[in-house]
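Working notes, beginning with the structure itself.
Protein chains: 4
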Amino acid sequence: MTLLEKYKGIRQRTEDICAPLQTEDYVVQPVADVSPPKWHIGHTTWFFETFLLKEHLKGYKEYNPDYNYVFNSYYETVGARVIRTDRGNLSRPTVKDVYSYRLYVDEAMTSFLSNHASGDLKDIIILGFNHEEQHQELLYTDIKYILGHNPLFPAYSSDTNVLEKQTSKNAFVSVENGLYEIGYTGEGFCFDNELSRHQVYLREYKISTALVSNEEYLEFILAGGYKDFRYWHAEGWDWVKTNNVQSPMYWHLFDGHWYHYTLKGLQPVDEKGTLNHISFYEASAYAAWKGMRLPTEFEWEAAAPHFNWGQRWEWTESAYLPYPGFAKAPGAIGEYNGKFMVNQKVLRGASQVTSPQHGRITYRNFFHPHLRWQYTGIRLAQ
Amino acid sequence: MTLLEKYKGIRQRTEDICAPLQTEDYVVQPVADVSPPKWHIGHTTWFFETFLLKEHLKGYKEYNPDYNYVFNSYYETVGARVIRTDRGNLSRPTVKDVYSYRLYVDEAMTSFLSNHASGDLKDIIILGFNHEEQHQELLYTDIKYILGHNPLFPAYSSDTNVLEKQTSKNAFVSVENGLYEIGYTGEGFCFDNELSRHQVYLREYKISTALVSNEEYLEFILAGGYKDFRYWHAEGWDWVKTNNVQSPMYWHLFDGHWYHYTLKGLQPVDEKGTLNHISFYEASAYAAWKGMRLPTEFEWEAAAPHFNWGQRWEWTESAYLPYPGFAKAPGAIGEYNGKFMVNQKVLRGASQVTSPQHGRITYRNFFHPHLRWQYTGIRLAQ
Amino acid sequence: MTLLEKYKGIRQRTEDICAPLQTEDYVVQPVADVSPPKWHIGHTTWFFETFLLKEHLKGYKEYNPDYNYVFNSYYETVGARVIRTDRGNLSRPTVKDVYSYRLYVDEAMTSFLSNHASGDLKDIIILGFNHEEQHQELLYTDIKYILGHNPLFPAYSSDTNVLEKQTSKNAFVSVENGLYEIGYTGEGFCFDNELSRHQVYLREYKISTALVSNEEYLEFILAGGYKDFRYWHAEGWDWVKTNNVQSPMYWHLFDGHWYHYTLKGLQPVDEKGTLNHISFYEASAYAAWKGMRLPTEFEWEAAAPHFNWGQRWEWTESAYLPYPGFAKAPGAIGEYNGKFMVNQKVLRGASQVTSPQHGRITYRNFFHPHLRWQYTGIRLAQ
Amino acid sequence: MTLLEKYKGIRQRTEDICAPLQTEDYVVQPVADVSPPKWHIGHTTWFFETFLLKEHLKGYKEYNPDYNYVFNSYYETVGARVIRTDRGNLSRPTVKDVYSYRLYVDEAMTSFLSNHASGDLKDIIILGFNHEEQHQELLYTDIKYILGHNPLFPAYSSDTNVLEKQTSKNAFVSVENGLYEIGYTGEGFCFDNELSRHQVYLREYKISTALVSNEEYLEFILAGGYKDFRYWHAEGWDWVKTNNVQSPMYWHLFDGHWYHYTLKGLQPVDEKGTLNHISFYEASAYAAWKGMRLPTEFEWEAAAPHFNWGQRWEWTESAYLPYPGFAKAPGAIGEYNGKFMVNQKVLRGASQVTSPQHGRITYRNFFHPHLRWQYTGIRLAQ
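So the sequences go chain by chain: V, Z, L and S. The numbering of the first sequence is our numbering, which starts it at 22 and goes up by one. The numbering of the second sequence is our numbering, which starts it at 22 and goes up by one. The numbering of the third sequence is our numbering, which starts it at 22 and goes up by one. The numbering of the fourth sequence is our numbering, which starts it at 22 and goes up by one.
Below is the structure:
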């Protein structure tokens, strides 16, 4: 596949994800972590315009200088006019305007990629692809948040195949102690945070081949897990009490039965289904209640060939930190990962809404420990 | 004009105000005081459905029980499912859905009013008209806020006649001391807070026949009015410092020139124009700087025959309190005014975006002293 | 009594109020509205030093220039070193240091008053006396807050005569309609906010000769008064829910019995006692539940000769606003009252912890409507 | 030395640290992280009473059941009376009361230790010693905070030898790659978080033998380090802007010269002195500006024999996480360390206010990355 074909495929997939939306769904931002879908549409476009077209396409005319301001997530270098631009407050540019912008950039990129199919810009082009794939997953999770927190519980799509999946029974495999190679190696794309490959010494451990199911987690709820501080980190316990947390996100107890919002609308919780939308604090408390623990990201990577992964982002015990020898790229691209390396937890694997081909065994996802709107789950270790 | 004709005229005017909007403009809520336009469209409809159709139209079928929850501003009686419904987070019901709801209710109301043109429900029907007229003004001010706080500064309409108006020179008239009748009298509609008519004794005072102009207020800014605590209430001074207030809302200093956002877009401040969008704190500080004061609402009402009013809501010194003999209506309608009678200031007059025929010399508008998104101005007294 | 004798008496009384305190009690500030007792001791001293000694006593040497910073409540004119000085965070100056400062100023004042017993400084001297008397009452209420919010519930003094008082049965007197003179007249001292005397027209009304008792208020609690939004202002209802208010301040329900903290320690609530420590919101809700209302400050002043007052500060319906003709004094003294004339409610009367001779029928006390740590009660009107 | 002699020595040292304090200094709590000295005095006493005397000394009579409530830092198990007990709001128990409690427990402990000098309680006794030593360091840092944030800048003690120390020139030593043993081994005391000893593979690295000096850090300030987002974590940059951070804690720029508060009072910053009181964010930004990085806690431990440590707690890049095989103790003692293992950074070494003999090469101290009131410094790695 040429870069141009790949570009077109990825760009099309983003629009396909948004196809079931109403105009209004593109606009709102119920919480800070969720971005309005139209912002994702514009921001992924801005990425190609800013790092390729404006710098490398001769004669390219910027679509609208104000859009740099509206669709930039790298705020630190922005100066001048100081107006608060909480994304969810912006009714303009309209969805139609944003798609016009997208079309304009796509046409320029088509012309650009026809002539630059290879060479020294390939890295930044591929980065743009991966960047857009990350936002495709965020589109799914942000749309789910927007519709799932609406009191009408509208479905995203009735014929979606993006359902909650089923899991299998827990079974533990043992991994021997020794030195393991961690981090990306190979010719393909990876993010800077997966480099550089290095050795980590691991003690012998056991790790489950299955993710925790809804049924198993319900036992924790019924056993009073949310009411017993002993299973929780001090900050997790504060989080439970402050937010009165009693179940995973999207779960509702109606008339004694558990329902959860899915992309198909409100559904009874499937007991055999894989647990979804829990925070690191909940993952850790569940493991403590089971007398076990979460794996480190190194244990996960060393054991991953032994199990299937890809239903949920799996919380690990590891903090998100630079690998030995990690170096930021110069310039704005260098802000991509490094500056977030404090107070976040690593999640490994991929989820059922991760873009196809986007996952890697060395992939390091990261979120703050209280967040739950991603497709997150639990794999136990001991 | 029959009640039905009046109904149709008022309902049409609401839709006319929204005609220039894009779908996205209907959805957002940049601050708590501003409601999304689609909420105004739905809420005014809900009022007629709830207080007339559901209670008094035989065989009326509620459009959607969930809408009672979404469009109700009288939250106290709502129970059951507790989901946070910040209005600006709701992408559903869509704008099209809301207009369908509106059409459904309008059809039922047409049938209803054809048969109930008079009688004991007239009061609540007329209250519904006035309620909708209040929301028409809020539509103007909320739309202005939504567009005027967008970094693209889009115009509401280029051919709007809703421009900032000009004022005349200050000139003071004297009013003699004595007992004055205050409050509504007559056969027409008024709100409960304008009743009951009573006597107030006033000392002799002088009051300006003109509103303060932009030019006059600029003198206050240039004289350092925002930097000298002596002119301000203690809470006003806190407000200035906390929010770094340096000018009226919508004013921007670009390259040494003052611009302000208007419904036609960003415009240079017209020095002869009438000052707009200031808080009670600013109105009071300006008056103190001039060595004068704001009138009380009683002084205003007694003097109003001597000047033109209707460009701005004019801040008075008076707190919003019940008149002697004030009594709340029973039931939900009784929540209309009385429960807000603490910590707010009375504004008198009307503004250029007040609905025609909505103003009255006895009308008591009220807002918290820091708010500025309404069309507010200053009339001096001494 | 000479000014000097009066000075000595008032200064001594302040120290007498503090006599039962432990050193530690002088230091803490549990909430922003409460000041540490040592601050009151220093601030009342600072007042005499700043407005009399430093300006008018030849050769007076300021005790410590830093104290101007520490004991000044008129922060607006303070510049230079910006260090946060939350009063309750300051362990220094020590209590002993503050009393040394007090002694130093008292000696200078003694010398000063021996020579300036009359003349043009008398007004500011008398203002200093009244200022200190206001802080004497605050000492009682702040000490009560400090000790009453300690989990050990220590008594202020076992032999205090500052007990909760008893009230009599409600009985209403009628006051005829007509013009009434409001505001201070006479030769003695009054605050600027009681001037200038003016006429107010009042409708006929009835007002109770007694304050509401604990027993009567318990009926309101038992009838679910704190759970029914209909009796409350919208902001009052928010306050109830946000703070989970279920009873007056200092009340505790232990094993089904109501106790309240008093200056003698924790005591069973005396049913015949006069209700104490309620907010304006509670006062207003109680009155609404009784089908009555609170009096305005003008109704109160006109009727006050008909009843005894002095147990509680009585919430009125009136907002704290300038009287017609009110003018601020020039300079820092002008900050005394005027700048607080927004968002506060007038309380009339005096309380059992008000300094003797400090009360006046024209006295206008004022607090924000949610505050309850003063000795506040309810007198009904209709 | 017997356990009893050791007990007496440690308990005496705590009181010696407090000897220069005024009563008032014992009471205040300027920020949540700082505890009032009297709380430390009481809490360390409560530890021995709760875990030894009440459980293991036959016939021991609890001094005051309410003290369990006041001096307990393990709030999760506390129920019943819910009164907010912000430590700095409590004037009672008085300092004298707390010392009486301390004396009472010391006498019981003397009797207890005379009979239990060895055996199965030794572990908990030794834990109590180490617990008290931790609070001794906190006493120094909390007292410094209390006095250093007072606008009078009172000295703790003029003859203190607890001065800011000097550092030497940076010089880097190399450590070879390979497997290193990490964690405590031996017979003496260590905390549970230092266990269990395990192997970590390290790449070759260089680490400085000296801590960063004030002079070196001033270069960073002068080079605009606090104004260039590129050196900072995203959360660090937010912290800088939100708090307007421009220098280490306790530094003040007066008339163009840098001063800092020390336990001897306000002093000019000694350019050769060792940098003190910086957050992890500042440490990391400084390292980035130098083109270097902070060591991991494993690199630190492996290299520590090559340099002197003990002036500052040294921020490492490592997050505070459980070692492989970490297990919490059962019961309340198990809350000691494990529940804090999220969102905190490890500091290694010890500081000049750490209790003698308290430091260890395997010691893992931990704080949130924004905190600076401990004696913290920077050691560079590359």
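We treat Cβ as the ideally placed atom computed from N, Cα and C, and that holds for glycine.
According to DSSP, residue pairing for Asn386/Z in a beta bridge involves Leu368/Z.
Restricting attention to Gln365/S, Ala304/S, Lys227/S, Leu284/S, the CA atom closest to the CA of Pro175/S is found in Leu284/S.
Chain-ordered listing is empty here: chain V has no CB closer than 9 Å to the CB of Tyr125/Z, the nearest sitting near 17 Å. Contact of Asp46/S with chain L by beta-carbon distance below 8 Å involves Ser112, Arg113. Spatial neighbours of Gln157/V in its own chain (CB-CB distance under 7 Å, excluding positions within 5 residues in sequence) are listed in chain order as Arg34, Thr35, Ile38, Ser376.
Near chain V, meaning a CB-to-CB distance below 9 Å, no residue of the segment 260 to 282 of chain S qualifies.
Listed in chain order, the beta strand (DSSP E) elements of length 3 or more contained wholly in the segment 191 to 239 of chain Z are 193 to 196, 199 to 203, 219 to 223, 226 to 229. Contact annotation for Ile62/L against chain S: no contact, minimum CB-CB distance about 13 Å [criterion: below 9 Å].
For Ser339/S, the enclosing beta strand (DSSP E) begins and ends at 334 to 340. Taking a Cβ-Cβ cut-off of 8 Å, the neighbours of Leu173/S in chain L comprise Asp87, Val91, Arg113, Pro114, given in sequence order. Within the segment 219 to 242 of chain S, contact with chain V at the beta-carbon level (separation under 7 Å) is assigned to His219, Gln220, Val221, Tyr222, Arg224. At least one CB atom of chain Z sits nearer than 9 Å to the CB of Val49/V. The straight-line gap separating the alpha-carbon atoms of Val116/V and Ser56/V is approximately 14 Å. Closer than 9 Å to the CB of Ala350/V there is not a single CB belonging to chain S. Under the DSSP assignment, Pro289/Z falls in the beta strand (DSSP E) whose first and last residues are 286 to 289.
The residue among Tyr238/S, Tyr252/S, Thr263/S, Arg314/S with its C-alpha nearest the C-alpha of Trp279/S is Tyr238/S.
Put simply, the CB of Val194/Z is far from chain L, with every gap to its CB atoms at 9 Å or more. Interface flag for Ile167/S against chain L is set, since a Cβ pair is found closer than 9 Å. Taking 7 Å as the Cβ-Cβ cut-off, the segment 280 to 301 of chain S has no residue approaching chain L.
For Asp107/S, at least one C-beta of chain L is nearer than 9 Å to its own C-beta. A buried status is given to Glu303/V, since no fewer than 16 other beta-carbon atoms sit within 10 Å of its beta-carbon. Per DSSP, Leu168/V lies in no beta strand (DSSP E); the unbroken alpha helix (DSSP H) holding it starts and ends at 143 to 169. When the five nearest sequence neighbours on each side are left out, the beta carbons in the same chain lying within less than 6 Å of the beta carbon of Gly169/S are those of Tyr271, Tyr282, in order along the chain. The three-state reading of DSSP puts Ala402/Z in strand, counting E and B together. Chain Z places a beta carbon closer than 9 Å to that of Ser339/L, counting this residue as a contact. In its chain, beyond the 5 residues on either side, Lys227 have a beta carbon closer than 6 Å to the beta carbon of Ser195/Z. According to the DSSP secondary-structure assignment, Leu274/V is paired through a beta bridge with Trp279/V. Taking the Cα of Leu232/S as reference, the smallest distance to any Cα among Tyr247/S, Pro269/S, Gly331/S is reached at Gly331/S. The beta-carbon of Ala308/Z is placed no less than 9 Å from the nearest beta-carbon of chain L.
For Thr23/V, no alpha helix (DSSP H) encloses it, and the DSSP letter there is neither H nor E.
Rounded to whole angstroms, the separation of the alpha carbons of Arg385/V and Ala348/V is 16 Å. For the segment 55 to 80 of chain Z, the set of residues with a beta-carbon nearer than 9 Å to any beta-carbon of chain L is empty. Around the beta carbon of Ala324/Z, 16 or more other beta carbons lie within 10 angstroms, which makes this residue buried.
Around the beta-carbon of Ser112/V, 16 or more other beta-carbon atoms lie within 10 Å, marking it buried.
In the three-state DSSP reduction, Thr65/Z falls in the helix class (H, G or I). For Met362/S, the chain V residues whose Cβ falls inside 8 Å of its Cβ are His254, in order along the chain.
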